[in-house]
Amino acid sequence: MTRKHVVVIGAGFSGVAAAAAIVRSKRARVTLIGRDGFGPGLAYGTKDPSHLLNVRASNMSARADKVDDFALWLHSKTGAPPTTFATRGRYGKYTQSALKQAQRAAMFSGGLKLLRGEVVSCRAGSGWWNIELASGRSIEANGVVLALGNQPVSTPSVFTDAGAKVLDPWDAKELQRIPKGDVLLLGAGLTMVDVALSLAARSRTRTIYALSRRGLTPRIHLDPPMPAPSTPLQLPQSLSQKLHEFRREVHTMAERGEPWQLAVDRLRSVTPALWRGLSPDEQSRFLRHLRVWWEVHRHRAAPEIFERAENLQRQGKLRVLAGEVVSVSPDARRRSIEIYHRQRGSMVRHRIEVSGVVNCTGSNMDITRSDDPLIRQLLSEGLARAHSTNMGFDLDEQSRLLDARGQGQGSIYAIGPITVGAFWESTAVPEIRARAAAIAALF
Ligand SMILES: Cc1cc2nc3c(=O)[nH]c(=O)nc-3n(C[C@H](O)[C@H](O)[C@H](O)COP(=O)(O)OP(=O)(O)OC[C@H]3O[C@@H](n4cnc5c(N)ncnc54)[C@H](O)[C@@H]3O)c2cc1C
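Reading the sequence shown from the start, the letters are residues -3 to 439 in the numbering used here.
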């Protein structure tokens, strides 16, 4: 039996994938620590059947060494083909089953222990780590994987300053309690579409407004699907040359009758390397000017979801607005909020009165503003530093944390959304499972 011990902190999809990959590698026994349960995490805990995966079953395996694992599991449960966009709730069940499978495998490799609790600090000894929980308990380990996940969304100050409540998009009970009337959704991406579909099913919801700076909504997946050409796009060094060459390639592909989706897919396997090849200045220019275009073309909606959202727009039930909120006045007596918004660059203000506001802008990626005790401790004691974009931790190519001086920190790694700054493409299941396997091989 191996004597190495690895603690995985956070037990959403990333933590489960990492813990399972480590026990399968037989390199260490694992303790998986979760604050809010084990498996589905934020993305796959929803019970709403209108919330579908945005990736087909064929590419949603939790295992890098068995890429049809989810498709086979889904087929055994429902008979659905691998091209299906399954419900996210069903995927949550799959993550639990993947964890059970890993626990069975771990019986022959030293064990996989699940521990409920919140880790509040993680400090280095000589050759080991001391992990402290909020309960006061502490654990020693030879290695640590931080799988801290999606950080809570942050509410725009125009709402907090006015004392107006902004709801969490994943709090189904709160959404059900929104009084009769119009609703404003902040953001226009995939989360907005999910929430719009849920709210549209309630008779109490009148018009749903979705407001984002540019008012761009997610594009659609190819239907029927087409495999992306196996050769990744080769792009030149600088950001502007990359953009120029990418546009030219999309144009050439269109002339050959090939859809633009394939051009985006041809970037996927090389995205982390392209991103890491950009200078900090180019990365921040990308975030300022190109991010939103990337998001809507890369994170596409399942055709069924796309059609339903289009239908809502055609019926006038969903209205997508480009602009920003300029003032907010809650009216407690009327149980409503008066909001003025305007288009970017325009002085013309438009008024809406809504009975609820939901923040669909996505998780707060800026770890320097995090309230999480563990993140704060790692940063304040210099054991980790934020990436130059502030979007998660700064890491070396092997996902190892870099300390305040930029030195690799022994055997402490990060995976999932807290690695966006380091790798950019790092939040979807195919990337997470590949990182989990790569980290497992390092213990
Ligand atoms: C709504 C949504 C839909 C998505 N749909 C898809 C999809 O269809 N296909 C796809 O490929 N990707 C999808 N993604 C992206 C991706 O799969 C998820 O972001 C992924 O599940 C991330 O998992 P995670 O474990 O890193 O984070 P989380 O799910 O956020 O889990 C992190 C866990 O760690 C715990 N934790 C944090 N700090 C501590 C601590 N100090 N101590 C103990 N526990 C702690 C948290 O409580 C939480 O349970 C989606 C993402 C979202 C948000």
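Heads up, the beta-carbon is just placed ideally off N, CA and C, and yes, glycines get one too.
Counted within 10 angstroms of its Cβ, other Cβ atoms place residue i as buried (16 or more) or exposed
i: P175; result: exposed
i: V344; result: exposed
i: R296; result: buried
i: L207; result: buried
i: L308; result: buried
i: V179; result: buried
i: P220; result: exposed
i: M188; result: buried
i: G121; result: exposed
i: A437; result: exposed
i: H247; result: exposed
i: W289; result: exposed
i: G159; result: exposed
i: H47; result: buried
i: R(-1); result: exposed
i: L286; result: exposed
i: H240; result: exposed
i: E421; result: buried
i: P223; result: exposed
i: S376; result: exposed
i: S366; result: buried
Sequence-distant residues of its chain with Cβ nearer than 7 angstroms to residue i (five each side left out)
i: W69; result: Y90, S93
i: Y87; result: Y40, L49, M56
i: G211; result: A184, V316, L317, A318
i: M(-3); result: For M(-3), the predicted model reports a pLDDT of 47, less than 50, meaning its position is unreliable; a value from the coordinates is still stated below. Answer for M(-3): G106, listed in chain order.
i: A101; result: V19, R20
i: E427; result: E421
i: R215; result: V292, H293, R296
i: G404; result: D392, R396, L398
i: S280; result: T385
i: T201; result: V179, L195
i: T267; result: W420, E421
Close beta carbons around residue i, own chain, < 6 angstroms, minus the five adjacent residues each side
i: V425; result: M56
i: N441; result: What is shown of the chain runs -3 to 439, which leaves residue 441 out entirely.
i: F9; result: G37, T91
i: S265; result: P228
i: V260; result: H293, R294
i: I408; result: V140, L397
i: L110; result: L28, F34
i: A433; result: A17, A60
i: A7; result: L28, G30, F34
i: A382; result: I363, T364
i: E278; result: L235
i: E349; result: S332, E334
i: G85; result: T42, K43
i: H455; result: The chain is shown from -3 up to 439; residue 455 falls before or after that span and cannot be answered.
Cross-strand partners of residue i (DSSP beta bridge)
i: M389; result: The sequence shown places Phe at residue 389, not Met. Partner(s): A382.
i: E334; result: S325, E349
i: C118; result: I127
i: N355; result: L182
i: H1; result: R25
i: V141; result: V4, Y409
i: L110; result: L28
i: G404; result: L398
i: Y90; result: According to DSSP, which records beta bridges pairwise, Y90 is partnered with nothing at all.
i: L163; result: V354
i: S208; result: A318
i: S134; result: E128
i: D362; result: M387
i: L48; result: T83
Nonlocal neighbours in the same chain, by C-beta distance under 8 angstroms from residue i, ignoring five residues either side
i: K238; result: L231, P232, L270
i: V444; result: This structure cannot settle anything about residue 444, because the visible part of the chain is limited to -3 through 439.
i: S134; result: N126, I127, E128
i: T443; result: Here the chain covers residues -3 to 439 and nothing more, so residue 443 does not appear.
i: R304; result: S46, L193
i: F104; result: K22
i: D64; result: S54, S57, P78
i: T429; result: Checking the sequence, you will find Arg at residue 429 rather than Thr. Answer for R429: A13, A17, S57, A58, R59, A60, listed in chain order.
Short CB-CB distance (under 8 angstroms) between residue i and chain D
i: R340; result: In the structure shown, chain D does not exist; there is a single protein chain.
Closer than 7 angstroms: residue i CB and nearest ligand 2 heavy atom
i: P413; result: Absence of ligand 2 from the depicted structure is noted, with ligand 1 being the only ligands included.
Extract the residue ranges of the alpha helix (DSSP H) inside the segment 250 to 307, only unbroken runs of 4 or more that lie entirely within it.
Listed in chain order, they are 256 to 264, 267 to 273, 276 to 281, 287 to 294.
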